[in-house]
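4 protein chains.
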Amino acid sequence: MSQVGKIRFGLVGGGEGAFIGPIHRMAAELDGQAELVCGAFSADPERARRSGVEQYQLPADRCYASYQAMLAGEQERPADKRMQFVIIATPNHLHFPMAQAALASGFAVVCDKPLCLSVQQAEELRDLQQRQHVPFAVTYNYSGYPMVRAARQLVAVGTLGSIRRVQCSYLQGWLAQAQPDNKQAQWRTDPQTAGGAGCFGDIGSHAEQLLSFVTGLSITRLCADLNTFVPDRALDDDGTVMLQFAGGAKGVLTASQIAVGCENDLSLAVYGERGSLEWRQAEANSLLVHELDQPLRVHRAGGPGSTAAVAPTRLPAGHPEGYIEALATLYQEFISELQGLGPGDYPGLEDGVRGMQFIEKVVESSTRGAQWVDVA
Amino acid sequence: MSQVGKIRFGLVGGGEGAFIGPIHRMAAELDGQAELVCGAFSADPERARRSGVEQYQLPADRCYASYQAMLAGEQERPADKRMQFVIIATPNHLHFPMAQAALASGFAVVCDKPLCLSVQQAEELRDLQQRQHVPFAVTYNYSGYPMVRAARQLVAVGTLGSIRRVQCSYLQGWLAQAQPDNKQAQWRTDPQTAGGAGCFGDIGSHAEQLLSFVTGLSITRLCADLNTFVPDRALDDDGTVMLQFAGGAKGVLTASQIAVGCENDLSLAVYGERGSLEWRQAEANSLLVHELDQPLRVHRAGGPGSTAAVAPTRLPAGHPEGYIEALATLYQEFISELQGLGPGDYPGLEDGVRGMQFIEKVVESSTRGAQWVDVA
Amino acid sequence: MSQVGKIRFGLVGGGEGAFIGPIHRMAAELDGQAELVCGAFSADPERARRSGVEQYQLPADRCYASYQAMLAGEQERPADKRMQFVIIATPNHLHFPMAQAALASGFAVVCDKPLCLSVQQAEELRDLQQRQHVPFAVTYNYSGYPMVRAARQLVAVGTLGSIRRVQCSYLQGWLAQAQPDNKQAQWRTDPQTAGGAGCFGDIGSHAEQLLSFVTGLSITRLCADLNTFVPDRALDDDGTVMLQFAGGAKGVLTASQIAVGCENDLSLAVYGERGSLEWRQAEANSLLVHELDQPLRVHRAGGPGSTAAVAPTRLPAGHPEGYIEALATLYQEFISELQGLGPGDYPGLEDGVRGMQFIEKVVESSTRGAQWVDVA
Amino acid sequence: MSQVGKIRFGLVGGGEGAFIGPIHRMAAELDGQAELVCGAFSADPERARRSGVEQYQLPADRCYASYQAMLAGEQERPADKRMQFVIIATPNHLHFPMAQAALASGFAVVCDKPLCLSVQQAEELRDLQQRQHVPFAVTYNYSGYPMVRAARQLVAVGTLGSIRRVQCSYLQGWLAQAQPDNKQAQWRTDPQTAGGAGCFGDIGSHAEQLLSFVTGLSITRLCADLNTFVPDRALDDDGTVMLQFAGGAKGVLTASQIAVGCENDLSLAVYGERGSLEWRQAEANSLLVHELDQPLRVHRAGGPGSTAAVAPTRLPAGHPEGYIEALATLYQEFISELQGLGPGDYPGLEDGVRGMQFIEKVVESSTRGAQWVDVA
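Protein chains in written order, with my numbering: chain G, 79 to 454; chain V, 79 to 454; chain Z, 79 to 454; chain R, 79 to 454.
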């Protein structure tokens, strides 16, 4: 079935009506080095088969009725036909059992964020992965944007000097009202499927990873004030967290899903002794860079000013690449590792574990009346 | 000296090398209804005289050596020559004695912000003004921008519905390093002249007034984490405050003077049940307005969409008005009140008192380890 | 080889070092409905094979040494294995013979722009296609952007009223200096490979199609002043064209490849009696819409305000899609036609012919001293 | 009446309902070095008096019934009371007789643009001024913006290298419909009061001056296609002009008053061999600067990067100054010349004459069917 030399993967989730599963397929295949060969696209076996055959153009025998069946079925295939990694693109509560089973079966894993439902689960996955020696990526996709990587590089080479202030904000408005008929809304606002945090599990977690990815700083203490503005909603849909970092930097992280009019407004600003940078996902291909007593410089994806801004682009500057391309860059790094080309530069279980710690501490702080809590 | 019918005013501060004093003169005179007739421009008598004669083109006998001399000298003049109000544009620690003396002498007062050094002083001024029955403005100048007034109107008429989240940020970078030779920096970072807060007295106070002016909400609790990043600086130069409002809204206010690359980046975003708005001083003539399930609308100063966006403009849409014009609008309102045209729409001692309460509570919270404190 | 049900295609061009060929592959495959099965990736047989096997992961027997070999080889394959369309992504001078041969062999064709080297060639291809009854797309990719389609819809439903002024500008800076070592620059500035126009063949042609696509207006007369600023360059690298349209509208089209600092700055503005719109590729997911006496509205890809802005998106509003996704939308339309789902909405030979007429007339006008010429 | 040492001026025009006259008063007085002392505010004597006394707070004897009366009345006053310059802020057709009479009476003149109705008139004024040796400013106010002056400096010091392409566009939408009740519209669209050009006299003339001011280039040939889109309008309301400059640069100038949604959108872009710059009045305090192979730099009014961007500011960077301040900078330069402080840097009769040549040639070209014409 598969083309010569392409890395083969399976997909869990992504069936009819899914949002992110099909995007994972696009991103994983974008650079032409990998190919979807199988899937467990739905918990409903008939729907799973139909999605696989009609939506993904797969043969019926690679459309499995469950992830367990897929893992078992693929293990039985000859090594040169078998899937080589599995993408987990399901509601949060399924990440842990699926990732655990996939690792136990020896498959490399790409898992959506947040990694799972608790720090304990996260640490189990980390330990298991270390025993199994297979790659594991957590798709904090914003870390795949060229200008986010350029930002990380600028911090790393010291352009900003010692960091003083970090601001990260992730604002959406789509949950400003109850959304009883929206499947995506349902599982994200249900503790059974989303876990202990709503907005902070869904997007606050992205913000935490983005700021950690770019700055390399460790959060030592936080104070979180979470809110649930929409009546009868069980989980937070908004909140602010004040942050203190090792080394003395301070920060604030805001996340909201009730910010009417905001689409998917993720932004990061980092201020250091000698310089600062600012990035907004809405203008993902630009990075604003200030140095003391210099005019603002606008670094651009594919443009001059930063090697890191060029590496993960597919097109010359001025030909916008977006969300799918950013996710594809994480896959490119992951796949190149599977191809034996050395370790890939993608978020893994360290990010996954740290992300669960962040979520747990945010919920703990807020539950205790927005008191400061230490972060390990 | 003065032209027929113009309101006459004096200026305290604003001598050679001053920043904001000359701007007050420009703003007060911009609309042609008032005229500078005297001043106490410097604590150094020779400098005061020279500034008045050479910079402000005043006759020597209206250039006073002290504010006390000015108040006395003007009181002795005939009513149709005497100054009618005094502008206090000095370092913070002088606001209280000067305003107190001016009120006691029966003069109307325009005083720069923050009003004074303590809530107690602020309340004294408020009480004194109520006894003297003279107008008193506190120049929170950002409330003079047309689109800030349009924002207030949108909130007031219910376009946003009940407010849930308020974000206000005021970032500057000019104090990112020690500024031993900068007079403006010196007094703002010295507790003797600036009071108990540095950054939060200087610009955090503007942010508080802006969000209160637009939303009409009352802060009930706050949690502030202030920082002093530059070595040997005595006062805060940065900080974040989490806010809780009467009625359940939440907010975050950030102010910094060490945000390298930021010029004077004041921004406000307000999110309600049904709509939101966003304003940035850097693009002061635009107001972004979202309503549920509608495309973003950009209201413009002088343009369609809001009567409040037109009233305080002097030019058709597209001819930018700026900081001086915003301040001039406050003066226009103040002067029209002096002309007997009814109460003006400008910030007064209520804002001044509330501003001092905010500053005191922010400092108290931060000093106690960034604990939540109640705000009266 | 191919997956069940996917449409199979071949690629001419796109070998090592190519820019646009690999992008065509990504775009054609993005939505999971088509699959590259063969190619003639280079005029150098060894390079062609290596590109196919290593870059595209194809079996060696589907990596052909020439497009002629590919057409012949694929025709011999069984119908359910054979490629179903061919993508021509080569320098301009090869478009005509390749497209002609592909059509003659009965293959559907996707050809890059400009279609060929002359109006005569273009008309030959159009006539041949009409006889062969196979789909033919010309990849004017900017017409795949959601907000370009939303713009077309707004014009079509009359939001702007009768159109008065059209402005289209396409500015790049990468050819501001001679580029002797840049393969992409070489063929674009060589009349043997690029045809009679340089900048206007390469990007002026995009601008013409974009404005025609959105407005539906026909150019009746034009006056072009082309320039060659870089010494020893054989073709135009810059120019301005004044336009007159049937019905009385006027316009101006500017294209340049010597505009230092411009990346790929394509923009369109259309002004009508009652409204106007503005689109810039650099912010491809926004469309500015003005109506008389209304505030500016910003329509967004995937957002409210226009069905046409939602249809061609893969992600919710605020998750940026870019250049590859726009091109993929053209492929999606083309492939759905091949799947028998009715006529696709993509630029075809009518656009290709009109584009060649435009180029010829622009060159004619400029050569005659920037005189007005009639356009048929 | 006037303050010690202030320069005294009179104003012609600017009475009740006027737009630009009051703005001239604000701008002239902004920096505290000049004072309005008299005026001929309207052709209607009663209205003239009322405007002067009520709007401008002047004594009745300085409110003249005509400009002739004002010139005569002021000449009779003692030298230390007499006005020192006169501002002409009337419809275009009055500029010439008023300026001529003022010069003949020995007064310095500030005249709005366009200078008059013909090149011949313009040259007469120039000759007369040279005989009278008094300063004469033409208020092309956009040349007072700090970033326009910074742009001129960047060109002058060679940052862009030899200039290749110049684009200037001035778009408004307020005349997209007939405006029978709008006094500002009436005289601007009436050949008796506006002269031979409508849109190009009113705003095209600004665009010509702006590009000449910044680039220093001379137009040698032009080809203009003017339009009158609104029925029954007598003058152009829209048009495009292709430009050729001495030295080989090319350009395009667009002006429109029917561009629905455009407020006052003046923009300039200049592309040279080694760099480029872009300025937009809507973001007047920023200047975009590109140099080959460098990231975009954004120079800011009052910010680092250019001495010319700091000199004409009154406030630190980030405190927006706008249209009035830009005009005030021209007055500052003019007034400082009157104060004997050396020649001021403001547009004068050379700009005025060149502007009339431009208008005449544009009309001539368009009238001849948009043919190329030589510009002296």
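No residue lacks a Cβ here, since even glycine has one placed at the ideal position from N, Cα and C. Here the structure is a predicted model, which is why all the values come from computation and not from measurement.
Using a Cβ-Cβ distance cut-off of 8 Å, determine whether E411 (chain Z) contacts chain G.
Along the third sequence, one-based indexing puts residue 411 (chain Z) at 333. Closer than 8 Å: no.
At least one CB of chain G closer than 8 Å to the CB of G239 (chain R): is that the case?
As a working mapping, residue 239 (chain R) is identified with position 161 in the fourth sequence. No, G239 (chain R) does not count as interfacial toward chain G.
Work out the CA separation of V367 (chain V) and S354 (chain V) for me, nearest whole Å.
Along the second sequence, read from residue 1 onward, the residue named residue 354 (chain V) stands at position 276. Along the second sequence, read from residue 1 onward, the residue named residue 367 (chain V) stands at position 289. Take the alpha-carbon of S354 (chain V) and the one of V367 (chain V): they are about 6 Å apart.
Proximity of A228 (chain V) and H377 (chain V) at Cβ, strictly below 8 Å:
Residue 228 (chain V) sits at position 150 when you count from the first residue of the second sequence. Residue 377 (chain V) sits at position 299 when you count from the first residue of the second sequence. A228 (chain V) is a Cβ neighbour of H377 (chain V), given a cutoff of 8 Å.
Short of 8 Å in beta carbon distance, which residues of its chain neighbour K328 (chain Z), apart from the five on each side in sequence? Order them along the chain.
Here residue 328 (chain Z) is taken as the residue at index 250 of the third sequence, counted from 1. Here the set comprises R242, R243, V244, M320, L321, Q322.
So, C277 (chain Z) versus S240 (chain Z), is the Cβ gap smaller than 8 Å?
In the third sequence, residue 277 (chain Z) corresponds to position 199, counting from 1. In the third sequence, residue 240 (chain Z) corresponds to position 162, counting from 1. 8 Å or more divides the Cβ of C277 (chain Z) from the Cβ of S240 (chain Z).
Go ahead and pull the three-state DSSP assignment for K328 (chain G).
Working through the first sequence from its first residue, we reach residue 328 (chain G) at position 250. In the structure shown, K328 (chain G) sits in a strand (DSSP, three-state: E or B).
What does the alpha-carbon distance come out to for the pair R266 (chain G) and A121 (chain Z)?
Walking along the first sequence from the start, residue 266 (chain G) turns up at place 188. Walking along the third sequence from the start, residue 121 (chain Z) turns up at place 43. Rounded to the nearest angstrom, the two C-alpha atoms are 53 Å apart.
I'd like the list of long-range same chain contacts for E286 (chain V), defined as Cβ closer than 7 Å, with 5 residues on each side in sequence excluded.
Taking the second sequence and counting its residues from 1, one reaches residue 286 (chain V) at position 208. Scanning its chain for C-beta atoms nearer than 7 Å, with the 5 sequence neighbours on each side dropped, one finds around E286 (chain V) the residues L331, G433, F436, in chain order.
Contacts of L374 (chain R) in chain G (Cβ-Cβ under 8 Å)
The count along the fourth sequence starts at 1 and reaches residue 374 (chain R) at position 296. Residues of chain G passing the Cβ test: R375, V376, R378.
By alpha-carbon positions, which one of V:Q449, V:V431, V:G447, V:S443 ends up nearest to Q207 (chain V)?
For the purposes of this step, residue 207 (chain V) is identified with residue 129 of the second sequence, where counting begins at 1. The residue from V:Q449, V:V431, V:G447, V:S443 with its alpha-carbon nearest to that of Q207 (chain V) is V:V431.
H397 (chain G) touches chain Z at which residues, Cβ-Cβ below 9 Å?
Your numbering for residue 397 (chain G) matches position 319 in the first sequence. Chain order gives the chain Z residues near H397 (chain G) as I101, E341, N342, Q359, G400, Y401, I402, where near means a beta carbon separation below 9 Å.
Considering just the uninterrupted stretch of the beta strand (DSSP E) at V115 (chain V), what are its terminal residues?
The residue you call residue 115 (chain V) lines up with position 37 of the second sequence. Here the beta strand (DSSP E) through V115 (chain V) covers 112–118.
Taking 8 Å as the threshold (beta carbon to beta carbon), is G110 (chain Z) in contact with chain B?
You won't find chain B in this structure, because its protein chains are G, V, Z and R.
Can you tell me the Cβ-Cβ gap for R222 (chain R) and L408 (chain R), rounded? I've got them flagged as a contact below 8 Å.
The residue labelled residue 222 (chain R) in the question sits at position 144 within the fourth sequence. The residue labelled residue 408 (chain R) in the question sits at position 330 within the fourth sequence. According to the sequence provided, residue 222 (chain R) is Gly. The question's Arg does not apply to it. Separation of the CB atoms of G222 (chain R) and L408 (chain R) is rounded to 4 Å, and the pair is thereby assigned contact status at 8 Å.
Mapping the DSSP letters down to three states, classify D190 (chain G) as helix, strand or coil.
By one-based count along the first sequence, residue 190 (chain G) stands at place 112. Looking at D190 (chain G) - three-state DSSP - the assignment turns out to be coil, as it is neither helix nor strand.
Taking 8 Å as the threshold, find out whether the segment 160–180 of chain Z comes into contact with the segment 188–204 of chain Z through three or more Cβ pairs.
When C-beta atoms of the segment 160–180 of chain Z are compared with those of the segment 188–204 of chain Z, three or more pairs fall below 8 Å, so the two segments count as touching.
Starting from Y145 (chain G), trace the alpha helix (DSSP H) both ways and give me its first and last residue.
Residue 145 (chain G) sits at position 67 when you count from the first residue of the first sequence. Element bounds for Y145 (chain G): 145–154.
When DSSP labels each residue in this structure, what does G222 (chain R) get in the three-state scheme?
For this step, residue 222 (chain R) is matched to residue 144 along the fourth sequence. Here G222 (chain R) sits in helix by DSSP.
Does the beta carbon of G95 (chain Z) sit closer than 8 Å to a beta carbon anywhere in chain V?
Translated into the one-based positions of the third sequence, residue 95 (chain Z) becomes position 17. With 8 Å as the cut-off, G95 (chain Z) does not count as an interface residue toward chain V.
Measure the C-alpha to C-alpha separation of S80 (chain V) and D139 (chain R) and round it to an integer number of angstroms.
Within the second sequence, the letter at position 2 stands for residue 80 (chain V). Within the fourth sequence, the letter at position 61 stands for residue 139 (chain R). Unreliable placement is indicated for S80 (chain V), whose pLDDT of 44 sits below 50; no coordinate value is reported for it.
My output table needs one value for R358 (chain R): the three-state DSSP class, helix, strand or coil.
Indexing the fourth sequence from 1 puts residue 358 (chain R) at position 280. DSSP places R358 (chain R) in strand when its eight states are reduced to three.
Identify whether Q245 (chain R) lies in helix, strand or coil by the three-state DSSP scheme.
One-based indexing of the fourth sequence puts residue 245 (chain R) at position 167. Correct three-state label for Q245 (chain R): strand.
Amino acids of chain V, ordered along the chain, whose beta-carbon sits closer than 9 Å to that of L370 (chain G):
As a working mapping, residue 370 (chain G) is identified with position 292 in the first sequence. What L370 (chain G) touches in chain V: G251, A254, Q255, V338, G339.
If we cut at 8 Å on Cβ distances, does D107 (chain V) have a partner in chain R?
Your numbering for residue 107 (chain V) matches position 29 in the second sequence. Per the sequence shown, residue 107 (chain V) should be read as Glu rather than Asp. The Cβ of E107 (chain V) sits closer than 8 Å to at least one Cβ of chain R.
Which one or two residues does DSSP pair with V292 (chain V) in a beta bridge?
Within the second sequence, residue 292 (chain V) is the residue found at index 214, counting from 1. BP columns for V292 (chain V) are empty, so no partner.
Taking 8 Å as the cut-off, decide whether the C-beta atoms of V338 (chain Z) and A256 (chain Z) are in contact.
By 1-based counting over the third sequence, the position of residue 338 (chain Z) is 260. By 1-based counting over the third sequence, the position of residue 256 (chain Z) is 178. Contact annotation: V338 (chain Z) and A256 (chain Z) have beta-carbon atoms that are not nearer than 8 Å.
Which of helix, strand or coil DSSP assigns to M79 (chain V)
As a working mapping, residue 79 (chain V) is identified with position 1 in the second sequence. Model confidence at M79 (chain V) stands at a pLDDT of 39, short of 50, so the residue's coordinates are unreliable; what they give is reported in the following sentence. Of the three classes helix, strand and coil, the one that applies to M79 (chain V) here is coil, per DSSP.
Nearest-angstrom beta carbon gap, E356 (chain R) and G396 (chain V) [assumed within contact, 8 Å]
By one-based count along the second sequence, residue 396 (chain V) stands at place 318. By one-based count along the fourth sequence, residue 356 (chain R) stands at place 278. The pair is not a contact, with the Cβ atoms about 18 Å apart (cut-off 8 Å).
Alpha carbons only, please: which of G:L149, G:I101, G:Q153, G:G117 is nearest the one belonging to P137 (chain G)?
Indexing the first sequence from 1 puts residue 137 (chain G) at position 59. Nearest Cα to P137 (chain G) within the set G:L149, G:I101, G:Q153, G:G117: G:G117.
Examine chain G for any beta-carbon lying closer than 8 Å to the beta-carbon of G236 (chain V), and answer yes or no.
For this step, residue 236 (chain V) is matched to residue 158 along the second sequence. Judged by the 8 Å Cβ criterion, G236 (chain V) is not in contact with chain G.
Determine, using beta carbons only, whether P382 (chain V) comes closer than 8 Å to chain Z.
Within the second sequence, the letter at position 304 stands for residue 382 (chain V). At least one chain Z Cβ lies under 8 Å of P382 (chain V).
Whose Cβ in chain R lies nearer than 9 Å to the Cβ of Y218 (chain Z)?
The count along the third sequence starts at 1 and reaches residue 218 (chain Z) at position 140. At a C-beta separation below 9 Å, Y218 (chain Z) has no neighbours in chain R, since its nearest C-beta there lies roughly 24 Å away.
Quick check: the segment 101–110 of chain Z against the segment 399–415 of chain Z, are there 3 or more CB pairs under 8 Å?
These segments touch.
Rounded distance between the beta-carbons of G88 (chain V) and V115 (chain V), thought under 8 Å:
If you number the second sequence from 1, residue 115 (chain V) lands on position 37. If you number the second sequence from 1, residue 88 (chain V) lands on position 10. At roughly 7 Å, the Cβ-Cβ gap stays under 8 Å, so V115 (chain V) and G88 (chain V) are in contact.
Assuming contact is defined by CB atoms lying nearer than 8 Å, are S183 (chain G) and A302 (chain G) in contact in what I supplied?
One-based indexing of the first sequence puts residue 183 (chain G) at position 105. One-based indexing of the first sequence puts residue 302 (chain G) at position 224. Not closer than 8 Å, so no.
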